[in-house]
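Q: Below is the structure I would like to discuss, written out as structure tokens.
Residue numbers (UniProt numbering): 1 to 159.
As structure tokens, then:
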């Protein structure tokens with residue numbers, strides 16, 4: 001919208017000749033014919049829509065992070081169950097095999113050390129999966145930080 005500088009003439013406002021040639025431009029819609037109640041209603045509706053959209057974005061982000069967490073926890077639980085059964089059967093087989101070659105106490109110690117190494121590796125993998133989870137909805141926090149600027153009339157967020 002283009003707003004011309006008021007024309008010269010009698011009265012309190014009398015700009016110089018250069019001022020009458022300048023135009024002020026705005027990127028805002030013409031609200032000259034809109035009532036104050038309608039403007040407040042539009043702002044209220046827009047804020048309500050914005051908050052609903054931000055809430056939906058936050059829910060989507062949290063759902064995505066919960067899904068990652070569930071997959072990591074499922075992998076850890078599966079590794080734990082599988083590890084238990086493997087530990088139980090292979091330990092018995094290895095112990096029985098080693099006890100034919102050496103003293104039973106040394107055979108049991110070797111089997112225990114072997115499974116301690118495997119448990120450590122499973123722990124490292126599970127911890128790495130859990131560290132990939134970001135419980136804070138990053139995009140929502142970022143867009144919500146732009147809301148105060150938008151209410152002031154700035155469109156680009158922080159400068």
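Don't be surprised by glycine CBs; every beta carbon is placed ideally from N, CA and C.
On the three-state DSSP scale, how would you describe residue 32?
A: Position 32 of the chain shown, counted from the start, is the residue given in the question as residue 32. Coil.
Q: Let me make sure I understand the geometry here. Which of 125, 131 and 146 has the alpha-carbon closest to that of residue 76?
A: Your numbering for residue 76 matches position 76 in the chain shown. Among 125, 131 and 146, the Cα nearest to that of residue 76 is on 125.
Q: Roughly how many angstroms lie between the CA atoms of residue 64 and residue 83, to the nearest whole one?
A: Along the chain shown, read from residue 1 onward, the residue named residue 64 stands at position 64. Along the chain shown, read from residue 1 onward, the residue named residue 83 stands at position 83. Near 28 Å, if we compare the C-alpha coordinates of residue 83 and residue 64.
Q: Which class does residue 125 belong to by DSSP, given the choice of helix, strand or coil?
A: As a position in the chain shown, residue 125 is number 125, starting the count at 1. Of the three classes helix, strand and coil, the one that applies to residue 125 here is helix, per DSSP.
Q: Between the C-alpha atoms of residue 73 and residue 130, what's the straight-line distance to the nearest angstrom?
A: Within the chain shown, the letter at position 73 stands for residue 73. Within the chain shown, the letter at position 130 stands for residue 130. Rounded to the nearest angstrom, the two C-alpha atoms are 8 Å apart.
Q: Could you check the C-alpha separation between residue 139 and residue 70 for me, to the nearest Å?
A: Position 139 of the chain shown, counting from 1, holds the residue named residue 139. Position 70 of the chain shown, counting from 1, holds the residue named residue 70. Distance between the alpha carbons of residue 139 and residue 70 is about 21 Å.
Q: So, helix, strand or coil for residue 132, using DSSP?
A: As a position in the chain shown, residue 132 is number 132, starting the count at 1. Note: residue 132 maps to coil in three-state DSSP.
Q: What does a CB cutoff of less than 8 Å around residue 58 pick up in its chain, not counting 5 residues either side in sequence?
A: Translated into positions along the chain shown, residue 58 becomes position 58. 137 and 140, listed in sequence order.
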